[in-house]
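These notes are about the structure you will find just below.
Residue numbers (the working numbering): 13 to 327.
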């Protein structure tokens with residue numbers, strides 16, 4: 013940040029008046045009549061900025077630009093002074109913000125390229141891209157990609173006043189799953205595969221067609237020769253069975269109310285079959301080390317659709 017812009021807003025108003033005294037009276041009038049323009053543009057700009065950006069610094073830069081605009085204004089060109097000054101004030105604010113940024117323009121530009129590539133790959137792959145995939149797309153090495161991310165992180169500014177003992181850690185969350193959580197997630201995905209595989213054939217077909225193949229209920233109904241409402245009932249029945257199957261295999265889940273009679277015996281038999289279908293090793297084989305589905309037991313199912321039929325879908 014340059015020292016010339018460190019003064020407060022009141023001192024800059026005084027400076028504007030001092031500079032105008034050495035100029036024609038018309039210049040002083042233009043400055044005094046348009047002081048509110050600076051405040052308006054600063055307020056408009058502040059709505060799009062982080063909280064740590066100081067208003068006084070921007071106001072100082074805007075006041076300086078207003079004085080320079082008044083000194084360089086040529087009324088004969090037919091441009092209203094407010095419009096002429098607003099352009100120069102906004103430009104001064106941009107320059108001031110760039111001087112505050114710890115990252116250079118080249119770093120910000122490369123960071124935007126990386127972010128755009130990550131978003132595009134996420135749409136194409138249906139998952140978060142790996143560093144190697146992002147680097148290959150941009151023609152970088154993984155180390156260069158890491159350097160760009162490190163430069164951007166170093167340029168990030170947080171307000172120390174916003175931290176409290178109970179909230180500080182939450183303000184800087186870790187988006188990466190740890191090894192233990194990744195294994196648990198993979199095991200849960202394996203349970204889900206087993207639960208789907210143990211569904212009665214008709215229910216399994218509805219789950220596969222609706223969730224994995226993304227087919228409309230009308231198409232499934234026409235294929236099975238039933239109404240759409242019946243397909244909706246079959247889907248609800250399948251999800252109910254899946255809830256019981258996962259709850260029996262994972263005691264920490266909330267157990268749904270057990271039905272009674274023949275229905276209860278059917279649910280209990282299904283839940284026992286899910287629990288006995290595999291073990292930890294077989295369930296982990298349903299996904300790779302990144303937690304992505306690799307099993308092909310559901311034909312045209314894709315990893316992205318497997319993720320959509322997770323525990324939140326059947327809770």
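Beta carbons are placed, not taken as given, at the ideal position from N, Cα and C, and that holds for glycine.
Quick caveat, the model's predicted, so the values are computed rather than measured.
Assign residue i to buried or exposed, taking buried as 16 or more other Cβ atoms, counted over all protein chains shown, within 10 Å of its Cβ.
i	result
residue 170	For residue 170, the pLDDT reaches just 49, beneath the cut-off of 50, and the residue's location in the model is therefore unreliable, although a value from the coordinates is still provided. So residue 170 counts as exposed.
residue 140	exposed
residue 306	exposed
residue 299	buried
residue 196	exposed
residue 91	exposed
residue 136	exposed
residue 126	buried
residue 106	exposed
residue 89	exposed
residue 79	buried
residue 301	exposed
residue 129	buried
residue 34	Low confidence applies to residue 34: its pLDDT is 40, below 50, so where it sits in the model is not reliable, and the reading given next is rough at best. Burial call: exposed.
From residue i to residue j, what does the alpha carbon distance come to, in whole angstroms?
i	j	result
residue 10	residue 229	Past the boundaries of the shown model lies residue 10; the chain is included only from 13 to 327, so the question cannot be answered.
residue 216	residue 208	6 Å
residue 48	residue 223	58 Å
residue 233	residue 257	26 Å
residue 81	residue 61	25 Å
residue 290	residue 273	28 Å
residue 124	residue 221	39 Å
residue 43	residue 51	13 Å
residue 212	residue 131	39 Å
residue 94	residue 121	32 Å
residue 59	residue 152	35 Å
residue 97	residue 68	19 Å
residue 278	residue 214	15 Å
residue 266	residue 295	Only weak support is given to the placement of residue 266: the predicted model assigns it a pLDDT of 48, under 50, and the question is left unresolved by the model.
residue 102	residue 84	16 Å
residue 56	residue 162	31 Å
residue 282	residue 199	19 Å
residue 253	residue 293	24 Å
residue 297	residue 158	31 Å
residue 46	residue 66	22 Å
residue 255	residue 284	13 Å
residue 241	residue 160	53 Å
residue 280	residue 190	34 Å
residue 192	residue 237	46 Å
residue 86	residue 41	14 Å
Excluding five sequence neighbours on each side, which residues of the same chain lie with their C-beta closer than 6 Å to the C-beta of residue i?
i	result
residue 54	70, 71, 74
What residues are listed by DSSP as bridge partners for residue i?
i	result
residue 299	305
Which residues in the same chain as residue i place their Cβ atom closer than 7 Å to its Cβ, once the five residues preceding and following it in sequence are excluded?
i	result
residue 133	141, 145, 146, 149
residue 288	none
residue 99	none
residue 330	Outside the displayed range of the chain (13 to 327) lies residue 330, so it cannot be described from this structure.
residue 108	17, 69, 70, 73
residue 143	154, 157
Near residue i, which residues of its chain fall below 8 Å by C-beta distance, leaving aside the five closest residues on each side in sequence?
i	result
residue 239	233
residue 286	203, 206, 207, 210, 257, 258, 260, 261
residue 104	73, 74, 76, 77
residue 156	147
residue 320	Low per-residue confidence applies at residue 320: pLDDT is 44, beneath 50, and the placement is therefore not dependable, though the value from the model is reported in the following sentence. So the list reads 223, once near-sequence residues are dropped.
residue 235	221
residue 227	221
Quiz prompt | Stretch-stretch touch, CB-based, cutoff 8 Å, three pairs: the segment 199 to 209 with the segment 238 to 247 | solution = No, they do not touch.
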